[in-house]
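*Asks:* Here the working numbering runs 6 ahead of the position in the sequence shown, where the first position is 1. Sharing a structure here in structure tokens format.
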Amino acid sequence: MSEEYDEEMEEELHERSQEIGEFVVELTEKIHPLRVALAGVILIILLGALVSTWYWVIPRDDVEIDILYLQRNGHVVLAELTNDGSREIRDVTLTIDFVDQEMTVLDSLTVTFDSIPSLTSVSGDKMELDLRGYSVWEEYTIQVQIEWTDFRGSENQEQFIHVVSEQVTAKFHNDCKEVTWFF
């Protein structure tokens with residue numbers, strides 16, 4: 007009886023595997039590889055839409071300052087201000103002071119902007135300090151201060167201090183606060 011039961015079970019298992027094989031063949035005939043590729047492309051488009059929604063639509067405040075220090079026949083400080091948030095910022099004031107060891111301000115730069123649109127960076131000649139006649143062997147400090155109003159009307163202020171001495175070039179990247187999400 008056990009042998010007969012094993013044979014029946016084996017035969018039933020063989021029939022089921024044949025049915026499954028036929029089902030898979032029918033399924034592959036119905037689903038063309040082009041459909042699979044098209045579904046993949048649609049999935050990528052949906053993921054791209056999700057990412058762009060995060061980047062462009064969801065309100066967020068993200069201000070960054072990049073400072074590049076160069077030592078040549080003196081000192082050069084270049085600044086770039088980036089509003090990487092999804093809304094404009096207003097009433098922006100950026101101040102950069104170049105200070106010696108005795109805390110004497112050797113040169114200063116202050117720029118103001120009524121507004122900076124979202125996903126925009128600002129740089130150029132008006133955001134450059136060029137100091138000549140000062141020793142390149144001394145230690146100096148670059149003090150950066152920024153004030154701005156975000157799109158909700160909140161006033162923000164940040165300050166950064168960078169020490170430079172024997173460095174020929176240095177790059178400083180400052181994120182003002184952490185990214186603030188407004189939901």
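Positions of the beta carbon are idealized from the N, C-alpha and C atoms, including for glycine.
1. Who are K177's beta bridge partners in DSSP?
2. Determine the extent of the alpha helix (DSSP H) in which I51 is found, giving its start and end residues.
3. Does the segment 170-177 come into contact with the segment 69-77, if we say contact requires no fewer than three beta-carbon pairs (one atom in each stretch) closer than 8 Å?
4. With 16 other CB atoms within 10 Å as the buried threshold, where does Y146 fall?
5. How long is the line joining the alpha carbons of G139 and T59, rounded to whole angstroms?
6. Using a threshold of 8 Å, state whether the C-beta atoms of I152 and V83 are closer than that.
7. Per DSSP, I26 forms a beta bridge with which residues?
8. Measure the alpha-carbon distance for H38 versus L100 and round it to whole angstroms.
9. Should G91 go down as buried or exposed, given a rule of 16 or more other Cβ atoms within 10 Å for buried?
10. Please identify the residue among V142, D156 and D113 whose C-alpha is closest to the C-alpha of I122.
11. Considering only C-alpha positions, which residue in the set V170, I71, V63 and L115 is nearest to Q107?
12. What are the residues that DSSP puts in a beta bridge with Q107?
13. Under DSSP, the beta strand (DSSP E) around Y146 begins and ends at which residues?
14. Looking at the unbroken beta strand (DSSP E) that takes in I167, where does it start and where does it end?
15. I'd like to know whether the C-beta atoms of S129 and E86 end up nearer to each other than 8 Å.
16. DSSP three-state label for E13, please.
*Replies:* Let's see:
1. On the sequence shown, residue 177 is found 171 positions in, with the first residue counted as 1. L74, per the DSSP bridge assignment.
2. Within the sequence shown, the letter at position 45 stands for residue 51. Note, I51: alpha helix (DSSP H), P39 to S58.
3. yes
4. One-based indexing of the sequence shown puts residue 146 at position 140. By the neighbour-count rule (16 or more Cβ atoms within 10 Å), Y146 is buried.
5. Numbered from its first residue, the sequence shown carries residue 139 at position 133. Numbered from its first residue, the sequence shown carries residue 59 at position 53. Each residue's alpha carbon lies about 51 Å from the other.
6. Taking the sequence shown and counting its residues from 1, the one referred to as residue 152 is at position 146. Taking the sequence shown and counting its residues from 1, the one referred to as residue 83 is at position 77. Not closer than 8 Å, so no.
7. Within the sequence shown, residue 26 is the residue found at index 20, counting from 1. DSSP output for I26 lists no bridge partner at all.
8. Within the sequence shown, the letter at position 32 stands for residue 38. Within the sequence shown, the letter at position 94 stands for residue 100. If you take the alpha carbons of H38 and L100, they lie about 59 Å apart.
9. Within the sequence shown, numbered from 1, the residue matching residue 91 stands at position 85. So G91 ends up on the buried side.
10. Indexing the sequence shown from 1 puts residue 122 at position 116. When only C-alpha atoms are compared, the closest one is D156.
11. Along the sequence shown, one-based indexing puts residue 107 at 101. The shortest C-alpha separation from Q107 is found at V170.
12. What you label residue 107 is simply residue 101 of the sequence shown in a count that begins at 1. Partner(s): none; Q107 has no beta bridge.
13. Sequence index remark: in the sequence shown, residue 146 carries index 140 (1-based). It spans Y146 to T155 - the beta strand (DSSP E) in which Y146 sits, taken as one unbroken run.
14. In the sequence shown, the residue the question calls residue 167 occupies position 161. Unbroken beta strand (DSSP E) run through I167: E161 to V170.
15. By one-based count along the sequence shown, residue 129 stands at place 123. By one-based count along the sequence shown, residue 86 stands at place 80. Yes, the Cβ-Cβ distance between S129 and E86 is below 8 Å.
16. Numbered from 1 along the sequence shown, position 7 holds the residue referred to as residue 13. In this structure, E13 counts as helix in the three-state DSSP scheme.
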